[in-house]
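Read through the structure below, which is laid out as structure tokens, and then see the notes.
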Amino acid sequence: MVPSMQMARVVRVILEPGKNRQGYWKSPQMCEQLEHAIQVFEKLHPDCLALFCFEQSRNHQAVADDARTIDKFNLNDHPPKSSTGLGKGFYSAAAGNTIEQAILYPDDYPNG
């Protein structure tokens, strides 16, 4: 078994950032590191709860491919020529049923 101080050091990642070095710290690396950190935390503190806080700066561009970000919205009054990847949204009606709704334009919107 690894002593707790050694285990804490195992979680640490040192990155040499740069184009010609190890690249840059991005969302996939962060998610992988978080999974590892949670495993170590659970071993060190078996009956405890952890709270992980992250800066959600838009500058980092760590969003899902289908995220509804403002740069995908069209300011024109006609559908975009290519897919925005926004998919469809939905809402729950008063009767309890789910209503699907186009985010920008419905599929049958006249293009022109």
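Note that the sequence shown covers residues 4 to 115 in our numbering.
Built from N, CA and C at the ideal position, the CB exists for glycine as well.
This one's a predicted model, so the numbers in the text were calculated from it and none came from an experiment.
Rounded separation between residue i and residue j - CA only
i: I17; j: A96; result: 50 Å
i: D111; j: G99; result: 26 Å
i: K29; j: R71; result: 20 Å
i: E35; j: P113; result: 45 Å
i: Y27; j: A40; result: 19 Å
i: V43; j: Q104; result: 43 Å
i: Q25; j: E19; result: 6 Å
i: C56; j: N23; result: 30 Å
i: L174; j: G21; result: Residue 174 lies beyond the range of the chain shown here (4 to 115); nothing can be said about it.
Cβ separation of residue i and residue j, assumed to be a contact under 8 Å, to the nearest whole Å
i: I106; j: K91; result: 6 Å
Residue of the options minimising C-alpha distance to residue i
i: A67; options: D50, P31 and K22; result: P31
i: L37; options: C51, R15 and Y94; result: R15
i: M33; options: P49, E45, E58 and N23; result: E58
Residues that residue i bridges to, as DSSP identifies them
i: I102; result: Y94
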